[in-house]
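Let me begin by presenting the structure, written as structure tokens, before commenting on it.
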Amino acid sequence: MQNPPIVPAPEWQAALDEMLVKEKEFTRARDRLAALRRRMPWMPVDKDYAFEGPEGSATLIDLFAGRRQLIVYRAFLDPGVDDWPEHGCVGCSLMADHIGNLAHLNARDTTLVYVSRGSQDDIARIKERMGWSHPWYTMIPRPGAQFDVDFGVDQWHGTNAFIRDGDRVFRTYFINNRGDEAFVNTWNFLDMTALGRQERWEDSPAGYPQTKPYEWWSWHDTYADHEPSRWFGDPVPGDTNDPRPPREDCAACGDH
Numbered sequence: 001m002q003n004p005p006i007v008p009a010p011e012w013q014a015a016l017d018e019m020l021v022k023e024k025e026f027t028r029a030r031d032r033l034a035a036l037r038r039r040m041p042w043m044p045v046d047k048d049y050a051f052e053g054p055e056g057s058a059t060l061i062d063l064f065a066g067r068r069q070l071i072v073y074r075a076f077l078d079p080g081v082d083d084w085p086e087h088g089c090v091g092c093s094l095m096a097d098h099i100g101n102l103a104h105l106n107a108r109d110t111t112l113v114y115v116s117r118g119s120q121d122d123i124a125r126i127k128e129r130m131g132w133s134h135p136w137y138t139m140i141p142r143p144g145a146q147f148d149v150d151f152g153v154d155q156w157h158g159t160n161a162f163i164r165d166g167d168r169v170f171r172t173y174f175i176n177n178r179g180d181e182a183f184v185n186t187w188n189f190l191d192m193t194a195l196g197r198q199e200r201w202e203d204s205p206a207g208y209p210q211t212k213p214y215e216w217w218s219w220h221d222t223y224a225d226h227e228p229s230r231w232f233g234d235p236v237p238g239d240t241n242d243p244r245p246p247r248e249d250c251a252a253c254g255d256h
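Residue numbers for the sequence shown, in the UniProt record's numbering: 1 to 256.
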């Protein structure tokens, strides 16, 4: 690995000051984007979606928990994901690890929940193992009213935002792929380091360590004996009967 230039403190500070100008430009651009997001049109939600939570059956209105806004992340704690039923999707699990105390979000009249296809028994067991405490519901499909299908998260993770006016619910925003990066502080912390995320898609100086984007991910209780993770839908290593080619892409390097 070839290091960047080694310079004395005054030159280093000058380089930092130059970078700060670009950082501020990015911050202001992000603020302008958020302002546009707040002016997005609202889409009415007219179907009756069904869920199951720790206390039994629930509706979409119930997920708001009495608050004005609702954020719903679709996590793949589903039968068929790698290492099920001991774990859920490794990427969704990484995201869940970054959910802290929700009191600050609730103070802004906003509720955050996760939803999956797994049963409440499976979700509760995995939550206890992983130390997660945020609300997590099971989606219950109904004819013509399947939450994950209708809101673009049946095959891939994503985050929907809703607002309610009494008993009327509206969809206000949706992000997926790299849009969900905002919820993972690990990547934000790595982005401020010299080596970055150390993933192949990054534009880094020659010789910097880099691996495939998702192969270094693991469940936080298995890093000690970690093997490269398989993304949901990846071929089984060593299975000559599996016709699927290995993936080179993932949520962390998508085109969102």
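All C-beta atoms, glycine included, are put in the ideal place defined by N, C-alpha and C.
Residue environment, residue i, which counts as buried when at least 16 other CB atoms sit within 10 Å
i, result
"isoleucine 126", "buried"
"alanine 9", "exposed"
"arginine 74", "buried"
"alanine 96", "buried"
"tyrosine 137", "buried"
"arginine 171", "buried"
"alanine 35", "exposed"
"serine 57", "exposed"
"histidine 157", "buried"
"glutamate 11", "exposed"
"aspartate 180", "buried"
"leucine 70", "buried"
"methionine 40", "exposed"
"aspartate 31", "exposed"
"methionine 43", "exposed"
"valine 7", "exposed"
Whether residue i touches residue j by CB criterion (7 Å)
i, j, result
"isoleucine 163", "histidine 134", "no"
"alanine 145", "tyrosine 208", "no"
"threonine 186", "isoleucine 175", "no"
"tryptophan 201", "leucine 94", "no"
"glutamine 120", "glutamate 23", "no"
Integer-rounded CB distance, given that residue j should sit under 8 Å from residue i
i, j, result
"glycine 118", "proline 79", "7 Å"
"valine 45", "valine 72", "Contact doesn't hold; Cβ gap of about 11 Å is too wide."
"proline 205", "glutamine 2", "6 Å"
"aspartate 167", "isoleucine 61", "6 Å"
"threonine 111", "alanine 65", "5 Å"
"arginine 67", "asparagine 101", "With a Cβ gap of about 16 Å, arginine 67 and asparagine 101 do not count as contacting."
Option nearest residue i by Cα separation, candidates the options
i, options, result
"phenylalanine 76", "Gly66, Arg39, His87, Ser218", "His87"
"proline 213", "Gln198, Ile175, Asn101", "Gln198"
"cysteine 89", "Arg32, Ile123, Thr59", "Ile123"
"aspartate 148", "Lys47, Phe26, Asp121", "Lys47"
"leucine 63", "Ala161, Gln155, Lys24", "Ala161"
"glutamine 155", "Asp31, Val81, Ala65, Gln13", "Val81"
"glycine 152", "Asn177, Gln120, Met130", "Asn177"
Legend entry - Cβ contact (3+ pairs, closer than 8 Å) linking the stretch 1-21 and the stretch 215-225: The answer is no - the stretch 215-225 does not touch the stretch 1-21, with fewer than three Cβ pairs under 8 Å.
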